[in-house]
Every structure is written in structure tokens, then in C-alpha cells.
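In order, the protein sequence lines correspond to chains D and P. Using my numbering, read the first sequence as starting at 8 and increasing by one per residue. Using my numbering, read the second sequence as starting at 20 and increasing by one per residue. Cβ coordinates follow ideal geometry from the N, Cα and C atoms, glycine included. It should be emphasised that the depicted structure is a prediction, and the values quoted were computed from it without experimental measurement. Here is the structure we will look at, set down as C-alpha cells.
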Amino acid sequence: MSGRRWLPWAVVLPIVGLDLFICVRNPGDLDRLLINMILALSAFVTLHAKLLSLANAGFMAIGAYASAIISIKLGLPIAVSIPAAVLLCAGVALVIGMPVLKLKDVYLAICTLGFGEMVRVLIILTPDLTGGSTGANLSTGFPYEAMKQTRTWMLGVLLALLAYLFWALSRSRIGRAFRALRENPQAASTMGIDIVAYRRFAFVLSAMIAGVAGAFYAHSVGSLDNGDFKFNRALDILSYAVLGGSGQWFGSILGGGFLTALPILLREVLGASVGFLKNFAQLPNIINGLALLLVVIFLPGGLASVFGAGRKRPGPAAAGPVRELPDPDKATAPSEAPLLVLEDVSRHFGGLEALGKVGFRMQEGLIYGLIGPNGAGKTTLINLVSGLFPPSSGRILWLGREIQQRPAHRIARAGIARTFQNIQLFREMTVLENVIVGRHTHIRTSLLSTLLRLPREGREERSARADALALLERLGLAELAGQRAGNLSYGDQRRVEIARALAMHPRLLLLDEPAAGMNEIETRKLGAFILELKKHGYTLLIVEHHMDLIMKICDEIVVLNFGRKIAQGTPAAVSRDEQVLEAYLGRD
Amino acid sequence: MAALLEVRDLEVRYGSIEAVCGLSFTVQAGQVVSIIGANGAGKSSTLLALSGLVRPSGGSVVFQGEDITGLRADRIVRSGLVQVPEGRAILNPLTVDENLELGGWIRKDQRAVRASMEQVYALFPGLAGRRRQLAGSLSGGEQQMLAIGRALMAEPRLLLLDEPSMGLAPLLVKTIFDTIAAITRAGTTVLLVEQNARQALRISDQTIVLAHGRIFREGPSAELLADPVIIEAFLGKA
């Protein structure tokens, strides 16, 4: 690794050099450079949230036209017109985000592309207001056309502010939540992260950034042409962020800078000196395409990924003394109602009945086992309780309240945590970060304190970190804290999942085959740990095939077969039950 | 007689983690060799390096006298070394039949492929009734059988099994180990990674015990089954 320390600099220095060259040689292009860098950030936001949106050109157009109309027709200064245009973009993004963000991948791309075209058609159809297809009546009278230097300074400050915003967000719980949901939205939602809200936030923020870039674009060009906001523009903006990489924000600035400066350089240096190259008007495009292709092939993570290799992972150094296990959060007063009740819960997948009229109740502080042959519906039941999908019929009561229609993140916040049979860690994040994501809903900070980096922000982060480290230590994983989670062995990954779920301090912990991939000794240790959890007041529901574990630690066992409950009772009673022996345990 | 598989000084790293550090062992044709060890001891990594799914960072793998170190996974399968992956890796949207057909992808003689398919269904009667069913709708135990059956379709000389009993109900665990015994009786050599150390020791001829990426103990399984250290560390009191 150390041999490649030059790599980041070998990538960054030429780009910065290129950009500086443009600044000095051709100050006229500086505005364009800065605007494209800002546009690159707008594409980064959506890409980072795993939204393949091509709406940026549309929002850029809205920002451009709205600010121009307000400034020229109403005669208001840009201090009013630009913020107003940005707010308009935010409002439009909120409205169209509602239906559009339900779509995924290519479908989202097509829909947002349609949105961009719609904006353009609206512009063409309203010539009185926008100048229509020619932009005629918005071609003069830009109040700040003459203030070239001021405008460039403002753009510089704006880019710096945005860079700070991204830097602060990326280090906060919000940035961590984005990283988590982009890797595994399902797991993120069971950590209490409202993935719909986060996606909406990303879409709106992206629209606002594109809007402000568009507004400055209008004022710096000094005339408007709807042709500037076509499909190509959307692709250009996306390519800045793709080149930069969707993982880290500064990559997009580099990407935007590179793809803007390169054609300018080619025009300046080549175009002027070598006459015959003038015949190749498309040359800059070809070279840009080539550069993009090379980066995608050789740096699949984008330009920013060159920093990833050398980046120091947070080490386990800060581990404190081994602390007591955390107690479950019992914010709601102890109630008379049982902790969890299932009433005639059924779930169908197409014509297949995965679960049929299953009912049982759980008292707080006990350990429940859920056993049955493979395919009996055990994982389906866990998925229903944790809110990944609702039951087809029946009720699930948590402390007496119906929760069967609640989404996963609200169930997580109510105090139900889970692990997954097929491990669902955030594989690219470190072990420690995974567990800190479990603390997400407990970290009490506001957007303001994140942006201003108030002392409280640091305090909350440090205490979440310490909590997470203490949990890792209790599970014997402290040494692995700084490792990429995906690198761990199967059994270790299972324990990280348990630590991550415990970080939520849940009242009910659902474990789906926690001992799969563990040997007998490790299984026994896990059993001791689960009993310790019980002592601390946790309630557990455990799906497991290791019968010695189940029989030893459970207070009560529910047995499923073909989606039906066939037995329930103490381990002793269940292990003598004729039906259970027949269907599951076998006789010998 | 030359060994079927000869592994020398095998190393596997993931970033800064050294998962396998200089592992050497041989597998003789016709044997069942099991690898046991704690979590993170390097068992799965060893299998992945043998089958080419992970590139070894050092050492050599010689299979049937041919150096296959660092070859692509598909080339290794063609040479007769086939892995059943941990977690089964069944092709969910395909039918049981199609999964098996793909297992025989590298074979030319379609009639022989059909015959192998019938043999697989004979070995796993539970799958025979579900030939047109989507693999994703099978239960965990049936998926594991399908994964083994799919690997057998390639007519392996050496079959690598990574935790075949994981996540299976007690009744099925017994079935799976019976099946492995049947496969070896039919002449296929098996290298088995298992957490269920007791069962692994019972059905294998030789056992390798890994700890921290190195060999901790190795020898005939019958001897290790009686070794107090192994009993203490992996089996517990019966």
C-alpha cells in the first residue's frame, strides 16, 4: 500500500493544475468552471443516496429562469431572486419527489429525464414569461451582468460553503446514515433510519444545488436559451459525479473541474496552434468521453477512490475499560399489557401461505425460542414483527398497541431490533461504523449543531463511539473494530450483527439463527451471552437449529410447521411432543 | 502415488487481515478430508483460494499434477475441482432442473448430462418432485441438496463442501451427512469444511484443525476424535 502513496497526488495535482491554468489564462471561463463544480455536487447528492436521477438539468433550468424572471421583470436584486429560485426548486422537488422517488434505478432515471424535458416544454410554451424557444425577452437587462468579479467571488464562496456543508455532513450521523442506506436500505431501516425521508432529503438538496447553479449560470451568461438544459446537460452533470465517484463528495468537484477544464485546454492549446484540428469540432467531446471511460475502467470507485486506499480506518485504539452491558431502553412506562402479542397472524406470498393464523404472546424479560423445519415460516414471522412487510391478516400488538402496519424504522424506534439469517451488514463500512449505525436514533443532534460543529455534536459522536466499542469488546470483537465488515468470517459477522442490534438498546431482540456458522464451543459462549442479556432485562425471540442451545436457554418454545403453530411450551414439554418429534427433532 | 491435491504454503489476505498464513496439506484420491476450526480460522478462505474465487497471495495449489494456482474459477471447475459455496448460492429465479443443467454446463455430451441429472434425483428424492419449481421457493434443506447436486453435475474429481449443515434442521443435518457418505462411496473425493466438528470427524478419513490461519493439528479423524485437546476445544462433553 505504502508504495502507492503518490497515487492520490498523481491524480489530483494535474487536475488542480489544469483548473489553475484555466483560471489564469482565461478568467472568462472561471465562472463556468465553478458552476460546473457546483452542478457536480448536485449530482453527487443523489448518486450518493443511490438515486439515479437525471433531473438536475431541469432544476438548473428552473433556477435559471426563475431568478432571471424575478430579477428582470420585477427588478429585484439577485439577493432576492436567487434564494427565491432555490426555494422554488426545493418546492418542486418535494412535490415531484413524492411519486418519483418510489421508483428505482433505470425507472427513476427515465422519469426524471421526462421531468427535465417537461420543464423545457413549459419554457417553450410560455413565451411571454420566459422568452419561449428564443429566450428573446430575457436576453438583456441582467442587473449584474457587468459585475463579473463580484459574481465570480460569490461563486467561489458558494462552492466553499457547499464543500463545508458536505464535509460536515459526511462526518455526522447523517452522512453515516446515507452510507448505510446506500449499502443496504433494508438493514438501515431496521436500525430506525427512515430511508424514504433520507432519499427525499437528498433529492431536495440536489435540486436546490442545481437551482442555485442554474441561477448563477443565467446571470453569468446574460441570456437564456432552453437548449442549454437539454438531455446532454443532464448527462454532462451526471458524468462529473460518476467520474468523481459516488463515495466521496470532493471527487465530484474534481470530476466537474476536470471535465470542464479539459475541453477548454484543448481549445486553447491545440485548436489555436494546429490548424487541421479545427476540422475536428467534436475532438473535445471525444477526449472527454475517453477520459471518462479510462477512469471507469481503471478506477471503478471514481477519482475520489484514490484516497480510499490510503485513508486511515478508525482504529480500535480508543477502547475503554470493559463496561457493563447496556440496559434496554424502557422509555415507555412498564405496562400491564404483555410486551408482544401476535393474534392470528397470516402472510401469503402469491398463492403460497407462508404463515397461517399464528398467535402467541411474549412476557417481558423471558427468552423465547422459535423452531421448526426449514421453510416452516420462522423468518417470515421475524420479518413481520420487525416490519419489513405487513401481515396479510391478523394483529401484532406491542405493549398493547397495534404495530402491524408500521414501517420498519418506526418499529425499530419503538424498541424492536433484529439480526438477519442471511447476514446483512454494511459490508463496505468498518465493524465499528456498523455498530455506530445502530446508535443512529440515539444520537441527539440537530442539523444546526452538525453544521456549526457545536461541542455537543462531538460529545454525542464520542459517546456513541465509546458505546459501540464497549459492545464490540463484550462480544470479543474489539480487535476487528477497524476492519471492513465484509472481510470478517461468517461467525464474526453474525456477532457484529448482534452488537449492532444491541447498540439500539432494544427491549425486544429478534435473533435469526445467531449460531449458524459457529462450532459447539462458540455456540455455548453465545448461549452464556444470551443468558446475560436476559439478566439485564432484555427479551429475546430466537430462531435456531442448534437444539442444545435452544433447550438450555429458552423459557418457552414455539414450534412452527408449514406455517402453522404445532406446539408451544417449555423446552421439556416441547421436546416430548409427538408432533414436534415427528416433524422436526426426529427420534433416536 | 501422487496426491490428488497438493497445497503448499498457501496464503490468503484481505487487506490487512491475514486469513490463511502458509498452509500445506495433501488430499489423496478417494478420501474424505475435513477441515475444522473456530470462526475466522481460515477454513472458508482456504476453500475459496482452492476454487479460484479468491486469489491466493502466496503458495501453490497442484491438482492432478497440474499447477492451478491463481487460475480463473471457471478454468478450475473444468479441471475437475468443484465447490459448493457457503450459503448455497442457488440461482433463485431458475427452476431446479435449470440449476442442475447449469451445473453440467462444461460437459459436451448431453445424454450423459441427462443421465447425471437422473442420478442426482435418485440421490435426492426430495428434489425429484420439484423439478419445475423455482429454486428460490425451496426450503433451506432442499436448497442445500440442490447446491450439492448442482456441483455433482460437473462430475468433479474433488468436491469442496463449505458448511453443508449450516442453518439446517436437526433431521436434515443427518440426511446431509448420510448423503456425503454416499457421494464418497461412489468414488468422489471430498474436502469438507464444517462447524459441526463431531459429524465432520465421524465421516472423514483425515482431519485438519485450523487456528489463526495455520494448522493446529492434523491426522486420522478417528485419532483426533479421541484427542483430549480437540474434545476440549471443539466437541465439548458429549
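Residue-level contact check: ASN191 of chain D does not touch chain P, since none of the beta carbons of chain P fall below 8 Å from its beta carbon. Here DSSP, grouped into helix, strand and coil, assigns PRO192 of chain D to helix. In this structure, the CA atom of SER76 of chain P is about 48 Å from the CA atom of VAL31 of chain D. Annotated as distal: GLU486 of chain D and ARG183 of chain D, with beta-carbon spacing of 8 Å or more. Counted as a single uninterrupted DSSP element, the beta strand (DSSP E) harbouring TYR375 of chain D occupies residues 374-378. Cβ contact annotation for PHE396 of chain D (same chain, cutoff 7 Å, sequence separation greater than five): ASN390, in chain order. Of D:HIS512, D:LEU476 and D:GLU529, the smallest CA-CA separation from ARG501 of chain D is found for D:GLU529. Burial of LYS62 of chain P is indicated by the presence of at least 16 other C-beta atoms within 10 angstroms of its C-beta. Counting C-beta pairs closer than 8 Å gives fewer than three between the region 545-553 of chain D and the region 452-471 of chain D, which falls short of the contact rule. For HIS447 of chain D, the number of other beta carbons within 10 angstroms of its own is at least 16, and it is reported as buried. DSSP places THR119 of chain D in the uninterrupted alpha helix (DSSP H) bounded by 112-132. At a C-beta separation below 7 Å, ILE36 of chain P has these neighbours in chain D: GLN490 and ASN494. Less than 8 Å divides the Cβ of ASN63 of chain D from the Cβ of LEU46 of chain D.
In summary, the residues of the region 56-76 of chain P whose CB is separated from some CB of chain D by less than 9 Å are GLY56, ALA57, ASN58, GLY59, ALA60, GLY61, LYS62, SER63 and SER64, in the order they occur in the chain. With respect to ALA147 of chain P, ASN526 of chain D sits apart: the two C-beta atoms are not nearer than 8 Å.
Contact annotation: ILE378 of chain D and ILE573 of chain D have beta-carbon atoms that are not nearer than 8 Å.
ARG514 of chain D and ILE537 of chain D have their C-alpha atoms roughly 14 Å apart. Non-local beta-carbon contacts of ALA415 of chain D in its own chain, meaning distances under 7 Å to residues more than five positions away in sequence, involve SER196, THR197, SER393, GLY394 and LEU395 in chain order. Look at the beta carbons and you see the region 473-488 of chain D touching the region 426-443 of chain D: at least three pairs across the two are nearer than 8 Å.
Beta bridge pairing from DSSP links CYS40 of chain P with P:GLU30. In this structure, DSSP gives SER53 of chain P an extended state, which the three-state scheme calls strand. Using a Cβ distance threshold of 8 Å, PRO15 of chain D and VAL313 of chain D count as a contacting pair. For GLU251 of chain P, the closest C-alpha among the options P:VAL46, P:LYS193, P:GLY238 and P:ARG217 is that of P:ARG217.
Nearest CB-CB separation between LEU592 of chain D and chain P: below the 8 Å threshold. For TYR140 of chain P, the nearest beta carbon of chain D is not closer than 8 Å to its own beta carbon. Cβ-Cβ distances below 6 Å link ALA383 of chain D to LEU567 and ASN568 in the same chain, with the five nearest sequence neighbours on each side left out; the list follows chain order. At a C-beta separation below 9 Å, PHE253 of chain P has these neighbours in chain D: ASN526, GLU527 and ILE528. Rounded to the nearest whole angstrom, the CA to CA distance from ASP584 of chain D to SER184 of chain P is 25 Å.
Around the C-beta of GLU105 of chain P, 16 or more other C-beta atoms lie within 10 Å, and the residue is accordingly described as buried. Membership of THR267 of chain D in the alpha helix (DSSP H) is indicated by the continuous run 256-272. Distance from the CA of GLN50 of chain P to the CA of ASP197 of chain P, rounded to the nearest whole angstrom, comes to 16 Å.
Chain D places a beta carbon closer than 8 Å to that of GLU105 of chain P, counting this residue as a contact. For ALA64 of chain D, the enclosing alpha helix (DSSP H) covers residues 63-80. For ILE125 of chain P, the secondary structure class from DSSP, reduced to helix, strand or coil, is coil. Positions of the alpha helix (DSSP H) runs, each at least 4 residues long and wholly inside the region 493-577 of chain D, are given as 497-509, 527-542 and 554-560 in order along the chain. Bounds of any alpha helix (DSSP H) do not take in HIS355 of chain D; it lies within the beta strand (DSSP E) bounded by 347-356.
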